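Enquirer:
Numbering (full-length UniProt numbering), first residue to last: 1 to 421.
#1: Looking at residue 311 and residue 385, is the spacing between their C-beta atoms short of 7 Å?
#2: For the region 355 to 366 against the region 238 to 250, do three or more pairs of beta-carbon atoms, one drawn from each stretch, fall closer than 8 Å, so that the two count as touching?
#3: What whole-angstrom Cβ distance do residue 486 and residue 181 have, given they're in contact under 8 Å?
#4: Contact between the region 279 to 288 and the region 181 to 194: three or more CB pairs below 8 Å?
#5: CA-CA distance, residue 272 and residue 101?
#6: Give me the Cβ distance between residue 225 and residue 194, rounded to the nearest whole Å; I'm assuming they're in contact under 8 Å.
#7: At what residue ranges does the region 302 to 372 contain a whole run of the alpha helix (DSSP H), taking only runs of 4 or more?
#8: Could you pull out every residue in the same chain whose Cβ sits closer than 7 Å to the Cβ of residue 96, ignoring the five residues on either side in sequence?
#9: Can the beta-carbon of residue 306 be found less than 7 Å from the beta-carbon of residue 381?
#10: Touching or not, the region 361 to 379 and the region 388 to 406, by the rule of three or more beta carbon pairs under 8 Å?
#11: For residue 151, I'd like the list of residues in its chain whose CB is within less than 8 Å of its CB, leaving aside the five on either flank, ordered along the chain.
#12: Would you mind listing the beta strand (DSSP E) stretches within the region 196 to 235 that are 3+ residues and don't spill past its ends, in chain order?
#13: State buried or exposed for residue 43, treating a residue as buried only when at least 16 other CB atoms are found within 10 Å of its CB.
#14: With a floor of 3 residues, list each beta strand (DSSP E) that falls wholly inside the region 250 to 301, ordered by position along the chain.
#15: Going by other Cβ atoms of all chains shown within 10 Å of its Cβ, with 16 needed for buried, is residue 51 buried or exposed?
#16: Among the candidates 261, 171, 372 and 58, whose CA atom is the shortest distance from the CA of residue 294?
#17: In angstroms, rounded to a whole number, what distance separates the CA positions of residue 143 and residue 396?
#18: Judging by CA-CA distance, which residue of 75, 366 and 410 is the nearest neighbour of residue 297?
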């Protein structure tokens, strides 16, 4: 009997389909972890999102499942934490919402942004046990404005722009840009004032550069602050999409403020779920930090600390909104049963089409270089003072700044910057 081992005819494993490219496992792990943190769990959606990455990653369901299991990326059902550990995580997140403005879904999604997923019924039971009165306080009021049906072609068909003034008393102007079709927050910036046209112009151009184009249309109210952004949208759309007739699809729609619905509907939840918490911590300044807004030194020091802190927390809020799962709504003409991030990235799955008009970003850069006035107006502290306060911060060993310790650190900085106080 022959002992020779039989061999196949295709020992190199090369067939008529060609050799498949090697998978960059670290990149794949990073992408899947990112999807998981943005509350994207459906296999088919993740496989399609991977195929839309640059460069794309093409996986079959079986191979995708193998990697997902290998990376130990799962949902709340697969969370190995004990009930006590889950309760502790929920309580830690609740401590960051001292005014109890967030519901179980919002708390669950904020925790999910860290990569930890906890069942909503557990989140709800912990909240019921520790803050039962908050559920009644958040009950929908009958005074809510009646919602009208919105329609749009797809992402970047229309951007909605507006400023939010309810944090102005603390010195924080907010300016936002939101996509109508997907409901995604495209930009939300904290600035000393959102009333300057040059500031809004810079914010608009920086977003255009980030996404690589302009929308078919922009909508806003008739405030004077949109002057520069209006000019840029008109000029860029005309130059890069000359075939679009302004008579048929205006580059900019001027609307009464209550009718600028896409962005106006976003301000109320932003203020009551996020803004009131910012004011809660800010208003502790006089008592906890000896803050006096009439003193330039106090104002500059507080700005140096608080503007980055508030911007980082606003980024977290909008990221959570963009990862929020919109429930199925049969009568809604815009997409539902998914997240704004997914709607915006793969619109064809929701009967939408990408509408962005690509522009040459070098042209955008050349315009931004002329926007010195806008950048100056966006500065929240003087350049010379920034050097002094950073030196003082180094003297106290540069501790991490958060809302709970901000005023303690403020007081330490003031003691160094002005020992006579």
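From the three backbone atoms N, C-alpha and C, an ideal C-beta is built for every residue, glycine too.
Since this is a predicted model, take the numbers as computed values, not measurements.
Expert: According to the data block:
#1: no
#2: yes
#3: This structure leaves residue 486 out entirely; the chain is present only between 1 and 421.
#4: no
#5: 6 Å
#6: 7 Å
#7: 340 to 345 and 361 to 368
#8: none
#9: no
#10: no
#11: 333 and 334
#12: 217 to 220
#13: exposed
#14: 252 to 254
#15: exposed
#16: 171
#17: Low per-residue confidence applies at residue 143: pLDDT is 42, beneath 50, and the placement is therefore not dependable, though the value from the model is reported in the following sentence. Near 50 Å, if we compare the C-alpha coordinates of residue 396 and residue 143.
#18: 410
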